[in-house]
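Trainee: Before we start, here is the structure in question, set down as structure tokens.
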Amino acid sequence: MLVRNYLKQCGKKPLVKNRAEISLYATVGDYSEMGTRCMIQSNVHLGSYVIMGPDVKIYARNHKFDSLDKPIALQGKNYYNTYIGDDVWIGANVVITAGCKVGNHSVIAAGSVVTKDVPEYAVVGGVPAKVIKYRNEKAPAEG
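According to our numbering, the stretch in the sequence shown is residues 13 to 155, in order.
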């Protein structure tokens, strides 16, 4: 895939679906899949075996807006590092905001907006995303 030729760092066999936008300053681990129309900004670090549904947005910058005397468009941007761990499933239409860290082996439900760090093995969902359960917890016996 051509993506390996221009990314800052790219692992083995990335899969980039149709119309995905990936900054050349992003890093991608082994066997990660970027869904159709996903958008990944610079300073985003994807681990290995990440699966993304369509229309996922992963941000690493925000507009500054502190000054009331200057238009927001002229105030510049804040830049962050955003990390997605290994073995993460990101559902369709998820937004991950700048500076978040998504732990290894986690799942983000479709349509969620991640505004805070996601612990390892967590299943999160909602707006804003909250922990629903942990993948490594044993399910209660059905009675």
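For glycine and all other residues, C-beta sits at the position ideal for the given N, C-alpha and C.
None of these values were measured; they are calculated from a predicted model.
What's the gap between the Cα of Lys-82 and the Cα of Val-139?
Mentor: Each residue's alpha carbon lies about 31 angstroms from the other.
Trainee: Distance check for Val-126 and Gly-65, CA to CA, integer angstroms please.
Mentor: Using only the alpha carbons, I get a separation of about 15 angstroms.
Trainee: Can you give me the start and stop residues for the beta strand (DSSP E) that Arg-73 sits inside?
Mentor: Unbroken beta strand (DSSP E) run through Arg-73: 73-75.
Trainee: Distance check for Ser-44 and Ala-141, CA to CA, integer angstroms please.
Mentor: Between Ala-141 and Ser-44, the C-alpha separation is close to 22 angstroms.
Trainee: How is the beta strand (DSSP E) around Ile-144 delimited, first residue to last?
Mentor: Unbroken beta strand (DSSP E) run through Ile-144: 142-146.
Trainee: Quick check on this structure: which residue in Ile-96, Ser-79, Gly-97 has the alpha carbon closest to the alpha carbon of Lys-89?
Mentor: Looking at the Cα atoms, Ser-79 is the closest of the given residues.
Trainee: Could you give the first and the last residue of the continuous beta strand (DSSP E) run that contains Ile-240?
Mentor: This structure cannot speak to residue 240, because the chain is shown only from 13 to 155.
Trainee: Exposed or buried, what is Leu-58 when buried is set at 16 or more other beta-carbons lying within 10 Å of its beta-carbon?
Mentor: So Leu-58 counts as buried.
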